[in-house]
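Enquirer: By the count of our numbering, the sequence shown reaches residue 182 at its end, each step adding exactly one. For each residue, glycine too, the CB sits at the ideal point set by N, CA and C. Predicted, not measured: the structure shown is a model, and the values here were computed from it.
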Amino acid sequence: MDKYTVDTDEFEEDLEPSWLIKQKEDAKLAEESYAQNKKIIYKAGDQLGNFLFVKYNKAKNRATFECQDCGRKFTYNIYAIKNKKKCKWYKYH
90 MDKYTVDTDE FEEDLEPSWL IKQKEDAKLA EESYAQNKKI IYKAGDQLGN
140 FLFVKYNKAK NRATFECQDC GRKFTYNIYA IKNKKKCKWY KYH
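1) Quick one: residues in its chain with C-beta nearer than 6 Å to the C-beta of LYS144, no 5 flanking neighbours on either side, listed in chain order?
2) Pull the bridge partners of CYS156 from the DSSP assignment, please.
3) From PHE142, ALA148, GLU102 and ASN126, pick the residue whose C-alpha is nearest to that of LYS132; which is it?
4) Classify TYR168 as helix, strand or coil using the three-state DSSP reduction.
5) Name the residue from ASN166, LYS111, SER122 and PHE140 whose alpha carbon lies nearest to the alpha carbon of LYS147.
6) Smallest Cα separation from TYR168: which of GLN125, ARG151, ASP158 and GLY160?
7) Quick one: give me the first and last residue of the alpha helix (DSSP H) that LYS173 is part of.
8) By how many angstroms is the C-alpha of GLU155 removed from the C-alpha of PHE140?
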């Protein structure tokens with residue numbers, strides 16, 4: 090008697106994950122706007138990385154973001170937010 094069975098069906102995997110496609114699109118838009126020397130203006134509710142943009146603090150060059158999972162708001166550097174994967178309260182999600 091065989092305890093283990095082997096699944097012989099073929100596994101279909103996406104060529105590129107959806108987050109990578111989105112990241113490439115964002116990078117392409119940023120490069121195009123940089124080439125045209127345009128400013129990117131974010132509005133409340135725009136998604137940057139894994140977080141939602143709330144407001145910008147010009148004096149500190151920081152912005153307030155909201156976590157989509159827990160809804161908590163925090164301040165972070167506007168240029169580095171795209172590299173941030175999870176908020177510091179991820180344990181409580």
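Expert: Well, looking at it:
1) Correct list, in chain order: THR153.
2) According to DSSP, CYS156 bridges with PHE140.
3) Looking at the Cα atoms, PHE142 is the closest of the given residues.
4) Note: TYR168 maps to coil in three-state DSSP.
5) The shortest C-alpha separation from LYS147 is found at ASN166.
6) Nearest neighbour of TYR168 by Cα position, chosen from GLN125, ARG151, ASP158 and GLY160, turns out to be ARG151.
7) From DSSP, LYS173 is part of no alpha helix (DSSP H); its letter is neither H nor E.
8) Using only the alpha carbons, I get a separation of about 6 Å.
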